[in-house]
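Report on the following structure.
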Amino acid sequence: MATLLKIAGGFIIAVGLLILVVVIVVGRNNPLTPDFPPVFGIILAGALISAFGLMLQHLETMTRNSARQTELLTELVRKIAKSDHTPRASEANSLDQLTKSNFRFKDI
Numbered sequence: 007m008a009t010l011l012k013i014a015g016g017f018i019i020a021v022g023l024l025i026l027v028v029v030i031v032v033g034r035n036n037p038l039t040p041d042f043p044p045v046f047g048i049i050l051a052g053a054l055i056s057a058f059g060l061m062l063q064h065l066e067t068m069t070r071n072s073a074r075q076t077e078l079l080t081e082l083v084r085k086i087a088k089s090d091h092t093p094r095a096s097e098a099n100s101l102d103q104l105t106k107s108n109f110r111f112k113d114i
């Protein structure tokens, strides 16, 4: 889906730029006049669609890597807890809760 949105946004931007070139060359109009053609809106819409596709791609990447990040965080907390010589009861209890947790990003 993200790839489709990025491709669609790029296509819309290309079509908008092509229309803008045609308006400038054939119509001999200045595109920066107060009554500029609606092509700039088309280009902006394509950019927004592409940006939305990129955002979805980043969210998919975060979802794929969330399980591994949870494992790395648990290992890091365990190493810190082992290096501490006097663990408090509340810290040990919270570490056990973290270990027993089955939280995954997809559960949200």
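All residue numbers for the sequence shown refer to our numbering, where the first residue is 7 and numbers rise by one.
Note that beta-carbon positions come from the ideal geometry of N, C-alpha and C, so glycine has one too.
Computed from a predicted model, the values in this text were never measured in an experiment.
Check, Outcome
"Is the beta carbon of residue 59 sitting closer than 7 Å to the one on residue 8?", "yes"
"My understanding is that residue 55 touches residue 14, with C-beta atoms under 8 Å, so please give their C-beta distance in whole angstroms.", "6 Å"
"Starting from the N-terminal side, write out each stretch of the alpha helix (DSSP H) that is 4 residues or longer and does not extend beyond the stretch 49-85.", "none"
"Does the beta-carbon distance from residue 65 to residue 45 come in below 7 Å?", "no"
"For residue 33, count neighbouring C-beta atoms within 10 Å of its own C-beta (all shown protein chains included) and say buried if the count is 16 or more, exposed if not.", "exposed"
"Express the C-alpha separation of residue 82 and residue 75 in angstroms, rounding to a whole number.", "10 Å"
"Rounded to a whole number of angstroms, what is the C-alpha to C-alpha distance between residue 24 and residue 63?", "27 Å"
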